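Data block below; observations after.
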Amino acid sequence: MATSTPAGAPASQVNRPRAAPLVIAHRGASGYLPDHTIAAYRRAIDMGADFIEPDVVSTRDGVLVVRHEPMLSQTTNVAGHPEFAARRRTMLLDGVPVTDWFTTDFTLAELKTLRARQPMAWRDQSHNDRHPVATLQEVIDLARAESAKRGREIGIAPETKHPTWHAAQGLPLEDALVTALDAAGWKDRAAPVIIQSFETGNLRYLRRRTGVRLLQLVDGGGPDAAGAMTLAPNNMRPFDWTVTGDSRTWADLLTPAGLADVKTWADYVAPWKLWLIPTRAATAADGVAPGAVGEGARLALPSTSIVRDAHAAGLGVVTWTLRSEPRFLAASYGGDPAKEVRALIDLGVDGLFSDFPDVAVAARDGAGR
14 MATSTPAGAP ASQVNRPRAA PLVIAHRGAS GYLPDHTIAA YRRAIDMGAD
64 FIEPDVVSTR DGVLVVRHEP MLSQTTNVAG HPEFAARRRT MLLDGVPVTD
114 WFTTDFTLAE LKTLRARQPM AWRDQSHNDR HPVATLQEVI DLARAESAKR
164 GREIGIAPET KHPTWHAAQG LPLEDALVTA LDAAGWKDRA APVIIQSFET
214 GNLRYLRRRT GVRLLQLVDG GGPDAAGAMT LAPNNMRPFD WTVTGDSRTW
264 ADLLTPAGLA DVKTWADYVA PWKLWLIPTR AATAADGVAP GAVGEGARLA
314 LPSTSIVRDA HAAGLGVVTW TLRSEPRFLA ASYGGDPAKE VRALIDLGVD
364 GLFSDFPDVA VAARDGAGR
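Under my numbering, the first residue of the sequence shown is numbered 14, with each subsequent residue one higher.
Dropping the structure here:
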């Protein structure tokens, strides 16, 4: 890859963090409890997370609620509600036909009759159908109350989900989000808020509307056998670039020139973790456990220069998503998720999204031992 450091260069020779990196609880403590529930956020706070992450979508009546996507079938029990059977329909979501139930077809009162479910089948399903869909306001209230109770600041990192799509539904997210943050007194860089997006246009708009910190997410399709990042045909670039005919890709955001551009509208860049530490397919000679799947069947390669380049551009670097299951861990880490955390900390990241915030906090706080 063009951004790679010399082969074999140890992570310790790359920029180390300027301060202890933030641990951001990805959808709450989502490795343990259903995503985006107050219970999952509270568990993450108990585990020591610095920030909790609500993905923000809209209801039909314009209320911001927290779900991973506007689709409901994977994360709630909506399919078991016969009164909503006719709401299932096909829509184009970022250019892709999707058949599901969508939050934008439900009022808040209707969504409150649903209960959350764990979307990953290999995780604990015993907490399904217990917890209601939460509003963004409830997450803000939780963070403020727990900060006061615990004597430490707990931030929120709201992600605006599919902002171009929401605007096309007549339900734009940005002004409603800023209104909620302003009401909490969160208006500037000192506020415990980092707003994220995979699109660029809404971050540019938010830069004019609020002084809180902004974060540009950068996606990727997946590494090939040798470790070079590939891009999926239907996810080559931020969707607003597709709409406007901009032919650049995710990779262009991570060049030195691209990072300098990102700095004009964001405070952080957040590449998927495999942009930072690529992996290659294991071979029979590598001794990887038989039956390994996903990242578990791959080995870590030398780190790229992206963290160093981003810091040189004045950007903080956050990466995502750290998960403890073997299918998400390169075989190089020997099944120990703390080793991946420490490798990224040694690389110099300023923040980590984790489904298992207790693991990330323990690895971070013990990294200097």
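Where is the CB? At the ideal position from N, CA and C, for every residue including glycine.
If you're wondering where the values come from, they're calculated on a predicted model, not measured in any experiment.
Margin query: Less than 8 Å between the C-beta atoms of F119 and M84, yes or no?
Written below: Residue numbering aside, residue 119 sits at position 106 when the sequence shown is read from its first letter. Residue numbering aside, residue 84 sits at position 71 when the sequence shown is read from its first letter. Not a contact, by the Cβ cut-off of 8 Å.
Item checked: DSSP-derived helix/strand/coil call for N141 -> Position 128 of the sequence shown, counted from the first residue, corresponds to residue 141. Coil, per DSSP.
Next item on the list: Measure how close the beta-carbons of G233 and L244 come, nearest whole angstrom, since I'm counting them as under 8 Å.
Entry: Translated into the one-based positions of the sequence shown, residue 233 becomes position 220. Translated into the one-based positions of the sequence shown, residue 244 becomes position 231. The pair is a contact, with the Cβ atoms about 7 Å apart (cut-off 8 Å).
Check: Under 8 Å, do V79 and V152 count as touching if we go by C-beta distance?
Finding: Within the sequence shown, residue 79 is the residue found at index 66, counting from 1. Within the sequence shown, residue 152 is the residue found at index 139, counting from 1. Their beta carbons are under 8 Å apart, which means V79 touches V152 by this criterion.
Checklist line | Stretch-stretch touch, CB-based, cutoff 8 Å, three pairs: the segment 170-181 with the segment 58-76 | finding: yes
Notebook entry, point to check: Would DSSP call V206 helix, strand or coil?
Noted result: The residue given as residue 206 occupies position 193 in the sequence shown. The answer is strand: DSSP assigns V206 an E or B state.
Notebook entry, point to check: Alpha carbon to alpha carbon, how far is V109 from M249?
Noted result: Position 96 of the sequence shown, counted from the start, is the residue given in the question as residue 109. Position 236 of the sequence shown, counted from the start, is the residue given in the question as residue 249. Approximately 13 Å between the Cα atoms of the pair.
Checklist line | Inter-residue Cα distance where the pair is G271 and I167 | finding: Here residue 271 refers to the residue found at position 258 when the sequence shown is read from its first residue. Here residue 167 refers to the residue found at position 154 when the sequence shown is read from its first residue. Looking at the two C-alpha atoms, the distance is approximately 31 Å.
Checklist line | Limits of the unbroken beta strand (DSSP E) element including D113 | finding: Translated into positions along the sequence shown, residue 113 becomes position 100. Taken as a continuous stretch (DSSP letters only), the beta strand (DSSP E) holding D113 covers 109-113.
Item checked: P236 versus K162: straight-line alpha-carbon distance, rounded -> Locating residue 236 in the sequence shown gives position 223, where the first residue counts as 1. Locating residue 162 in the sequence shown gives position 149, where the first residue counts as 1. Looking at the two C-alpha atoms, the distance is approximately 44 Å.
Checklist line | Residue nearest to L113 in terms of C-alpha spacing, selected from Q131, E96, P95, Q87 | finding: Numbered from 1 along the sequence shown, position 100 holds the residue referred to as residue 113. It should be pointed out that residue 113 corresponds to Asp in this sequence rather than to Leu. Checking every option, the nearest Cα to that of D113 belongs to Q87.
Next item on the list: Kindly indicate the opening and closing residues of the beta strand (DSSP E) around W135.
Entry: Numbered from its first residue, the sequence shown carries residue 135 at position 122. Counting along the chain, W135 falls outside any beta strand (DSSP E), and DSSP gives it neither H nor E.
Check: Tell me, which residues are paired with T148 by DSSP?
Finding: The residue labelled residue 148 in the question sits at position 135 within the sequence shown. BP columns for T148 point to V78.
Notebook entry, point to check: Buried or exposed: which applies to P95, given that a residue is buried once 16 or more other Cβ atoms fall within 10 Å of its Cβ?
Noted result: Reading the sequence shown from its first residue, position 82 is the one you call residue 95. It is exposed - the Cβ of P95 has fewer than 16 other Cβ atoms within 10 Å.
Margin query: Measuring straight from C-alpha to C-alpha, what distance separates G164 and A158?
Written below: Residue 164 sits at position 151 when you count from the first residue of the sequence shown. Residue 158 sits at position 145 when you count from the first residue of the sequence shown. Their backbone Cα atoms lie some 10 Å apart in a straight line.
Check: Shortest alpha-carbon distance to V282 belongs to which of T317, D363, V354, S337?
Finding: Here residue 282 refers to the residue found at position 269 when the sequence shown is read from its first residue. When only C-alpha atoms are compared, the closest one is D363.
Check: Where are the alpha helix (DSSP H) runs, 4 residues long or more, that stay fully inside the segment 165-244, in chain order?
Finding: 176-181, 187-196, 214-222
Note to self: With a threshold of 7 Å (Cβ to nearest heavy atom), would I358 be considered close to the ligand ZN?
What the structure shows: The ligand ZN is absent from the structure shown, which contains no ligands of any kind.
Check: Taking three-plus beta-carbon pairs below 8 Å as touching, is the segment 128-139 in contact with the segment 95-105?
Finding: no
Checklist line | Integer-rounded CB distance, given that G240 should sit under 8 Å from P291 | finding: One-based indexing of the sequence shown puts residue 291 at position 278. One-based indexing of the sequence shown puts residue 240 at position 227. Yes, P291 and G240 are in contact; Cβ-Cβ is about 4 Å, under 8 Å.
Notebook entry, point to check: Rounded to a whole number of angstroms, what is the C-alpha to C-alpha distance between A38 and T255?
Noted result: As a working note, residue 38 is residue 25 in the sequence shown. As a working note, residue 255 is residue 242 in the sequence shown. Their backbone Cα atoms lie some 30 Å apart in a straight line.
Next item on the list: May I have the straight-line CA-CA distance separating H140 from T50, to the nearest angstrom?
Entry: Within the sequence shown, residue 140 is the residue found at index 127, counting from 1. Within the sequence shown, residue 50 is the residue found at index 37, counting from 1. Rounded to whole angstroms, H140 to T50 spans 11 Å at the Cα level.
Next item on the list: Put D299 into one of helix, strand or coil per three-state DSSP.
Entry: Looking up residue 299 in the sequence shown gives position 286. If DSSP states are grouped into helix, strand and coil, D299 belongs with the helices.
Item checked: Opposing strand residues paired with H39 [DSSP bridges] -> In the sequence shown, residue 39 corresponds to position 26, counting from 1. Per DSSP, E66.
Note to self: On the DSSP letters alone, give me the boundaries of the alpha helix (DSSP H) that A264 sits inside.
What the structure shows: Taking the sequence shown and counting its residues from 1, one reaches residue 264 at position 251. Note, A264: alpha helix (DSSP H), 263-266.
Item checked: Given T89 as reference, the closest of R136, R143, V306, P185 once Cα atoms are compared -> To locate residue 89, count along the sequence shown from 1; it is residue 76. The candidate whose alpha carbon is nearest that of T89 is R143.
Checklist line | Span of the beta strand (DSSP E), counted from its first residue to its last, around F252 | finding: Along the sequence shown, read from residue 1 onward, the residue named residue 252 stands at position 239. F252 -> not in any beta strand (DSSP E); alpha helix (DSSP H) instead, spanning 252-257.
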